[in-house]
Ligand SMILES: [Fe+2]
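Numbering (my numbering), first residue to last: 1 to 304.
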C-alpha cells in the first residue's frame, strides 16, 4: 500500500496514512516511514488499532528498543511488556494518580524537553500511543529543532556549533516544582551532550537542548542557564511548533534528535489520560534489550 504523507506545517510534522498495522509492515512501508521521519521529524498515525504487543513489534522495525526503568517499590503498569514506558496519569491499578510526589515528578514532562537527553546513550524515536484521552487538553506539542537551528542568529549558531551541556532528569523536575535542591542534583549522574547534532541522513543540524539541560560547559551556571533558556525560547516560537490532539488508537512518532516536545495541560485529578510509549535507541545498539535507566534511577535516589 502506498503511504500518504500530508504536512502539518510547511516545514515540520506530517500526518501519515496508508500503513497496514494489522501485521508486520513491508520493507517498503518501513522505508517510507523512515523517509517521512527524516523529512518531517514527527509523524502522526491515526486509528492504528495497536496494543502493547503490536506497538512493540511495530517499533522494533526502527531499531533497538529501550526498557522502561524498574522503579523501587513501584510496580510496573505493564509488567509483561518491559519496553512500554507508562506515560499515563494512572496507578498500576488503573486509578487516577494522586500521590503528590509522582504528580510533581510527572509535571516535568510539561516542560519542553527531548526524551532521555539525561542519558549518555541517546534516544532516537519515541512512539507514543493513545489509549484514553481527556475530554479537554492533553495534547502533545512539538518543536522543530532543525528549522530553529537554520534560523538561529550567527551569535547563537556559533555557540551551539561547538558547545556542550550537562543534562540531568532531576533539573527538569526541579524546574517543575519537584522538591529537590540543586546540590542534590549536582551529586546525581549527569550526561554530557553537544548543543547541536548533525543528522547524517539529511545533512541538517538540530539544536539539542531542553529542560533537562542544566549547565553549559565552560560557562558560569547562570550564564549557561540563560543561554539554554534563550535557545528554548527561540526554538518554541509559533513558526516552529504545533500540537497533536489524540483519539484512542492514534500514535505519534517523533525523532528526539531533531525535535523537542512537551505535554499539554489537562485536568489531571479528574480526567484519565492513558498514553504508552516505546523508545528506540540512537545508532547501532545490541539486539537484546538492555536497561540503563534502572541503574540511573538507583544512583539518583538515595537509599531510605
Ligand atoms: Fe517526553
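Ideal Cβ placement from N, Cα and C applies to all residues, glycine included.
Of the candidates 140, 117, 299, 124, the residue whose Cα lies closest to the Cα of residue 172 is 117. Judged by beta-carbon spacing, residue 152 lies beyond the 8 angstroms limit of residue 45, meaning their Cβ atoms are not closer than that value. Straight-line spacing of the CA atoms in residue 209 and residue 36 works out to 23 angstroms.
Looking at the DSSP output, residue 167 sits in a beta bridge with 191, 213.
By the criterion of a C-beta distance shorter than 6 angstroms, residue 276 is surrounded in its chain by 84, 129, once the five residues flanking it on both sides are discounted. The three-state reading of DSSP puts residue 159 in helix, counting H, G and I together. Taking a C-beta distance under 8 angstroms as the contact criterion, residue 266 and residue 136 qualify as a contact pair.
In this structure, residue 58 places its C-beta atom within 8 angstroms of the C-beta atom of residue 21. Secondary structure note for residue 40: its alpha helix (DSSP H) is the uninterrupted segment 27-40. The beta carbons of residue 125 and residue 284 sit no closer together than 8 angstroms.
With a 10 Å radius around the Cβ and a threshold of 16 neighbouring Cβ atoms, residue 140 comes out buried. C-alpha of residue 251 to C-alpha of residue 225: approximately 33 angstroms in a straight line.
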